[in-house]
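Protein chains: 2
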Amino acid sequence: MANKIFRVNMSTLTTSIEDVPESWAGHGGRGLTSTIVAAEVEPTCHPLGPKNKLVIAPGLLSGTIAANSGRLSIGAKSPLTGTIKESNAGGTAAQILAKAGCKALIVEGLPEKDGWYSIALTPESITINEETELPGKGNFAVLETLADRLEGSPAILTIGQAGEMKMCSANVSIKDPDGNLRSSGRGGLGAVMGSKKIKFITIDPKDGKVEIAEPEKFKEANRVFAKALMDHPLTAGLGQYGTNVLVNVINEAGSLPTKNFTAGQFEGHEAISGETMHDIIVERGGKPRHNCHAGCVIQCSQIYNDAKGEKLTAGFEYESIWAMGADCCVDNLDQIAEADRIMDDIGIDTIETSVAFGVAMEAGVLEFGDGAGICRILQEEVTKGTGLGRIIGNGTGSVGRAYGVTRVPVVKNQAIPAYDPRSIKGMGITYATSTQGADHTMGYAVTANILGVGGNVDPMSKEGQIELSRNLQVATAAIDSTGMCLFIAFAALDDEKCLPALIDLLNARFGIALTGDDVVALGQSILKTERGFNLAAGFTAADDRLPDFFYTEPLPPHNVVFDFTDEEMATFWDF
Amino acid sequence: MANKIFRVNMSTLTTSIEDVPESWAGHGGRGLTSTIVAAEVEPTCHPLGPKNKLVIAPGLLSGTIAANSGRLSIGAKSPLTGTIKESNAGGTAAQILAKAGCKALIVEGLPEKDGWYSIALTPESITINEETELPGKGNFAVLETLADRLEGSPAILTIGQAGEMKMCSANVSIKDPDGNLRSSGRGGLGAVMGSKKIKFITIDPKDGKVEIAEPEKFKEANRVFAKALMDHPLTAGLGQYGTNVLVNVINEAGSLPTKNFTAGQFEGHEAISGETMHDIIVERGGKPRHNCHAGCVIQCSQIYNDAKGEKLTAGFEYESIWAMGADCCVDNLDQIAEADRIMDDIGIDTIETSVAFGVAMEAGVLEFGDGAGICRILQEEVTKGTGLGRIIGNGTGSVGRAYGVTRVPVVKNQAIPAYDPRSIKGMGITYATSTQGADHTMGYAVTANILGVGGNVDPMSKEGQIELSRNLQVATAAIDSTGMCLFIAFAALDDEKCLPALIDLLNARFGIALTGDDVVALGQSILKTERGFNLAAGFTAADDRLPDFFYTEPLPPHNVVFDFTDEEMATFWDF
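So the protein sequences, as listed, match chains A and B. Position in the first sequence (first residue = 1) + 348 = this note's numbering. Position in the second sequence (first residue = 1) + 348 = this note's numbering.
As structure tokens, then:
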């Protein structure tokens with residue numbers, strides 16, 4: 349089946365299925381969403397107005413049997429950052445969308461009248477339907493209701509109350525193979541979907557499948573590729589403890605941002621660690637390993653049960669646990685899991701929202717350590733859209749502005765995640781220069797700074813950090829275009845067979861002959877496209893820096909500050 | 349007495365009195381505050397952090413007998429806009445500060461421990477004192493308490509609860525000769541003062557006075573200057589009806605922004621007009637004319653009494669009345685006066701806050717027309733700093749972001765005031781290009797667009813608007829440096845004797861020989877200093893535009909849009 353662009357205009361309530369323009373043909377995932385947003389969205393437009401577009405694209409390898417290729421990219425101008433934005437997540441949607449022959453779904457315009465809609469996509473059709481039952485409901489209610497209402501196992505993208513209220517931290521949530529939720533969490537893309545009055549999108553692939561130009565070559569490349577992933581030592585740790593294996597690692601490194609980024613180690617780290625989590629999961633009959641999409645060989649997800657043995661939450665990530673845990677000084681994993689579940693249900697970014705709570709605690713809205721208070725505010729204030737709920741739901745910068753706090757860990761208004769940039773300086777470069785606001789996944793310098801993956805770069809030294817972050821950001825932009833999970837990067841950095849196998853997969857899929865240089869050029873070109881959008885939107889070098897306090901407040905225990913000058917930072921873009 | 353720089357360091361709780369650097373000697377008022385902020389404040393710093401400075405300066409002619417020379421300039425990096433900011437107001441402080449020999453008061457740093465302070469300035473001393481009684485109190489309580497506590501009639505600068513809570517719309521409020529309040533309202537300078545934990549500043553001039561180099565020349569120039577002011581036809585209207593004379597004028601022009609900028613005429617305009625206000629004031633025994641500082645010959649202020657004949661509010665301006673009136677659809681002048689009084693007491697900008705209410709009404713927080721609701725929210729929410737109170741108190745952009753509203757009338761996050769830029773296009777140029785966010789006083793193109801002052805430029809045509817706004821912005825920057833009220837501009841534009849007399853005043857004051865060209869060069873240089881700060885803070889041409897809806901939503905009754913391209917707008921800076 350030929351790939352097509354599926355387009356939905358919410359102003360006219362019309363749809364179309366279009367051929368792919370030639371200039372978009374070589375793109376997928378993030379490369380495609382960013383190319384389309386840059387081509388079709390006015391950089392200065394209001395992110396929640398009619399000129400913004402929500403673009404959803406599977407990766408170049410999504411829908412194939414390639415290991416770990418099930419990530420879906422969603423792009424738009426972000427209401428949180430004002431920059432171009434791509435957020436990717438697992439779940440079943442990328443694979444199903446690819447099988448349905450959809451290269452990208454573009455949602456544009458805004459409905460004129462009140463009321464909510466859903467969108468249904470199949471290989472032959474795309475329809476807009478009025479929706480009256482589910483608006484106002486949380487994401488879990490959406491999944492339950494649609495399980496009854498719909499036949500088969502369509503992919504589902506949904507927004508909770510946060511997206512409906514156009515909160516700047518709202519997720520687009522994506523159903524996984526077992527009915528759990530994965531989140532396109534960063535940058536408020538759920539608010540863009542909410543502004544267009546779309547409660548959910550279903551994708552039914554019928555009997556569609558992805559064609560492979562050279563099937564035997566593809567199979568062989570996948571065998572090599574999957575083996576490289578499984579052979580990497582980090583894969584085992586991720587499978588056993590999930591990403592939360594990092595709590596103890598980063599705490600040990602003195603880089604676990606604690607109490608709203610005033611310290612680098614958290615006294616309660618053991619209680620929230622991956623090791624403790626693993627024991628609790630096993631003890632309560634949860635699942636320590638779980639895959640967020642079919643074909644994942646790493647399985648870093650998990651099912652975390654409550655004390656009664658009932659499922660409490662799934663996909664319980666390090667960055668979420670760090671944010672509610674160390675950053676808010678909550679040393680109770682059950683409270684963190686409860687908050688995680690509520691945030692998944694409301695459909696709101698766990699990183700942005702939890703870091704926002706850290707700032708709210710500094711402002712005196714609640715006490716540090718008050719995990720029950722976090723759950724109460726999420727339920728009573730954020731879900732209901734009260735004044736305080738809106739302040740929290742609009743993110744960390746929003747809380748800082750509301751209460752006049754100056755220690756506000758954001759870049760381009762997006763919360764800095766779980767690695768303090770003072771003592772993991774490579775991450776500081778990534779946070780500051782990323783085209784999308786502070787985001788660890790944009791250039792995960794923790795690799796060489798802490799994990800010894802892809803070499804070793806002293807985390808406390810400035811030496812080599814800009815080059816490291818640049819190389820990682822370029823590679824990440826390319827990987828995010830394939831539909832591959834970012835965790836393939838560990839093997840790609842350390843195992844010389846991994847990256848050639850990935851390129852072989854691309855070549856066999858499309859019958860082309862990409863080289864490693866082509867992939868680097870693709871990554872560079874995506875970054876430049878994204879930066880071009882941001883410059884036209886009004887961003888400058890002055891936005892490519894960390895908040896002042898990182899330069900002036902030494903971080904215990906190493907008592908270091910972030911010490912790159914703006915001029916040094918600007919050299920990031922010399923390529 | 350030689351002029352000095354008085355400096356207060358709140359980090360070390362120390363003060364100093366310094367000589368004036370030579371490069372600052374020719375500056376006063378806005379020219380001086382902007383020069384000092386540009387020289388001493390890092391453009392990328394957090395406006396509420398230790399690196400921002402609050403700079404307070406009388407004008408070059410303040411403290412003399414020159415008519416209308418009593419405006420005080422306050423500058424800083426604005427927490428509302430992120431730009432450089434100067435806001436000027438009447439009251440007694442400019443004249444007293446000049447008589448005390450203070451060319452500028454610079455407040456820097458932040459105290460390390462909790463608690464509040466006051467600052468007391470005399471010609472020989474500047475002291476920091478702990479203050480425990482007045483924090484938490486409104487501005488009127490501050491004036492009452494200090495009237496009992498202090499001898500004589502010192503000038504008083506104070507912040508209310510809004511400033512203490514570092515709300516981005518907080519005023520610095522200034523006592524007038526009769527114990528009423530005038531406000532440095534725009535841009536949240538009260539939040540900067542609050543961040544430095546200063547509740548109030550008192551200035552006692554002792555027997556200080558301003559020296560005049562050539563007293564006779566000065567007196568003669570002032571005679572000509574004051575006559576020019578009094579002879580101008582607009583002066584009479586301003587004296588009789590106050591600035592609120594404009595409600596009917598701008599409504600008639602179809603440019604009175606109504607119902608959150610969705611129409612240009614307000615059905616209830618008569619009820620809130622200057623003419624109605626005048627009748628109410630006279631009927632209730634108020635004062636239709638009142639001067640905000642000694643030596644004002646225009647007297648556009650007034651005392652507005654309630655139905656019982658008790659003073660309700662003073663300095664009841666067109667822009668405030670428009671914002672609560674037409675923009676929020678409140679056609680009850682008593683409710684507007686009550687809200688005005690509360691905002692003066694809390695110390696919060698009436699324009700920013702009322703336009704914020706208009707957006708909140710669009711979001712459904714309260715109904716359009718609900719003047720009682722505005723007063724209730726101000727008392728119950730803003731004063732107490734609840735979630736909703738913080739959202740409102742942080743301004744129009746804050747409300748828009750909190751509720752996901754796209755029709756948000758701000759430029760650089762500052763609310764657009766009482767003249768719709770679609771049908772008074774010269775004001776659109778000023779709002780968009782001003783170095784300080786949307787501000788009518790920065791380049792009041794209403795003159796030639798509507799009032800026939802300084803020529804005639806068709807308000808609905810693009811022709812000549814950029815040049816008009818540029819000339820006005822240059823002239824305003826110069827006038828704002830003299831300590832002169834902006835209303836001298838009407839005479840300066842129309843009476844050929846006025847501007848030469850003003851220059852004679854400056855020359856006689858300092859024994860110098862400025863020409864008209866020098867004054868133009870001064871204005872240009874101030875604008876460029878301010879713009880330089882903004883560029884270094886990260887502002888670009890993309891910030892010099894109006895919100896999207898002004899380009900896409902035609903304004904009734906003329907059904908026109910704002911139609912300058914970004915490229916045309918950029919030519920503003922070609923000088």
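Note that the Cβ used here is the ideal one computed from N, Cα and C, for glycine as well.
Member of the options whose CA lies at the smallest distance from the CA of residue i
i: Thr429/A; options: Ile851/B, Arg749/B, Asn797/B; result: Arg749/B
i: Ser359/B; options: Lys425/B, Gly527/B, Glu499/B, Ser543/B; result: Ser543/B
i: Ala387/B; options: Phe881/B, Gly634/B, Leu681/B, Glu901/B; result: Phe881/B
i: Val490/B; options: Lys523/B, Thr475/B, Thr583/B, Lys433/B; result: Lys523/B
i: Val801/B; options: Leu853/B, Gln647/B, Gly743/B, Phe835/B; result: Phe835/B
i: Leu566/B; options: Thr392/B, Ala415/B, Gln821/B; result: Correcting the residue identity first, residue 566/B is Phe in this sequence and not Leu. The shortest Cα separation from Phe566/B among Thr392/B, Ala415/B, Gln821/B belongs to Ala415/B.
i: Ile365/A; options: Val595/A, Ile432/A, Asn400/A, Leu469/A; result: Leu469/A
i: Val758/A; options: Cys723/A, Asp896/A, Ile696/A, Leu870/A; result: Asp896/A
i: Cys450/B; options: Glu700/B, Pro471/B, Ala840/B, Ser426/B; result: Pro471/B
i: Ala510/A; options: Leu660/A, Ala518/A, Leu577/A; result: Ala518/A
i: Lys659/A; options: Glu686/A, Ile739/A, Cys644/A, His641/A; result: Glu686/A
i: Ile669/B; options: His641/B, Ile699/B, Glu390/B, Ser746/B; result: Ile699/B
i: Ile413/A; options: Asp697/A, Ser466/A, Ile560/A; result: Ile560/A
i: Gly345/B; options: Asn400/B, Ala720/B, Phe887/B, Thr731/B; result: With chain B running from 349 to 923 in the structure shown, residue 345/B is simply not present.
i: Phe912/B; options: Val356/B, Leu894/B, Ala569/B; result: Leu894/B
Cutoff 6 Å; reference residue i; Cβ partners in own chain excluding five residues on either side
i: Ile404/B; result: Ile422, Leu453
i: Ile598/B; result: Leu604
i: Arg378/A; result: Ser421, Glu434, Asp828, Ser829
i: Thr381/B; result: Val403, Ala405, Ser421, Gly423, Glu434
i: Ala711/A; result: Tyr751, Val753
i: Asp922/B; result: none
i: Arg879/A; result: Thr783
Boundaries of the beta strand (DSSP E) in which residue i is found, first to last residue
i: Glu492/B; result: Not the beta strand (DSSP E): Glu492/B falls in the alpha helix (DSSP H), residues 487-497.
i: Arg637/A; result: 635-638
i: Ala662/B; result: 659-662
i: Ile620/A; result: Looking at the DSSP string, Ile620/A is not in any beta strand (DSSP E), and its letter there is neither H nor E.
i: Asn477/A; result: 474-479
Exposure of residue i, with buried meaning 16 or more beta-carbon neighbours within 10 Å
i: Asp865/A; result: exposed
i: Asp914/A; result: exposed
i: Asp675/A; result: buried
i: Val630/A; result: exposed
i: Trp372/B; result: buried
i: Glu600/B; result: exposed
i: Gly657/B; result: exposed
i: Gly411/A; result: buried
i: Ile651/A; result: buried
i: Pro369/B; result: exposed
Cβ neighbours of residue i in the same chain (closer than 7 Å, five flanking residues each side left out)
i: Thr877/B; result: Ser382, Thr383, Ala386
i: Ala314/A; result: A question about residue 314/A goes unanswered here, because the residues of chain A that appear run from 349 up to 923.
Cut-off 8 Å between Cβ atoms - residues of its own chain near residue i, not counting five sequence neighbours on either side
i: Gly717/B; result: Cys676, Cys677, Val678, Asp679
i: Glu901/A; result: Thr610, Arg755, Val909
i: Val805/B; result: Gly774, Ala793, Ala796, Asn797, Glu811, Gly812, Gln813, Leu816
Element boundaries [alpha helix (DSSP H), containing residue i]
i: Ala405/B; result: Not the alpha helix (DSSP H): Ala405/B falls in the beta strand (DSSP E), residues 401-406.
i: Cys846/B; result: 846-858
Neighbour flag for residue i against chain C, beta carbons, 8 Å
i: Met808/B; result: This model lacks chain C altogether; the protein chains it does include are A and B.
Cβ-heavy atom distance, residue i to the ligand ATP, below 7 Å
i: Asp496/B; result: Because no ligand of any kind appears in the structure shown, any question about the ligand ATP cannot be addressed here.
Could you run through the stretch 734-751 of chain A and flag, in chain order, every residue whose CB is less than 8 Å away from some CB of chain B? Thr734, Gly735, Leu736, Gly737, Arg738, Ile739, Asn742, Ser746, Arg749, Ala750, Tyr751
Can you pull out the residues from the stretch 877-890 of chain B whose beta carbon lies closer than 9 Å to at least one beta carbon of chain A? Leu883, Ala884, Ala885, Gly886, Phe887, Thr888, Ala889, Ala890
Residues from the stretch 506-539 of chain A in contact with chain B, defined by Cβ distance under 9 Å: Met513, Lys514, Met515, Cys516, Ala539
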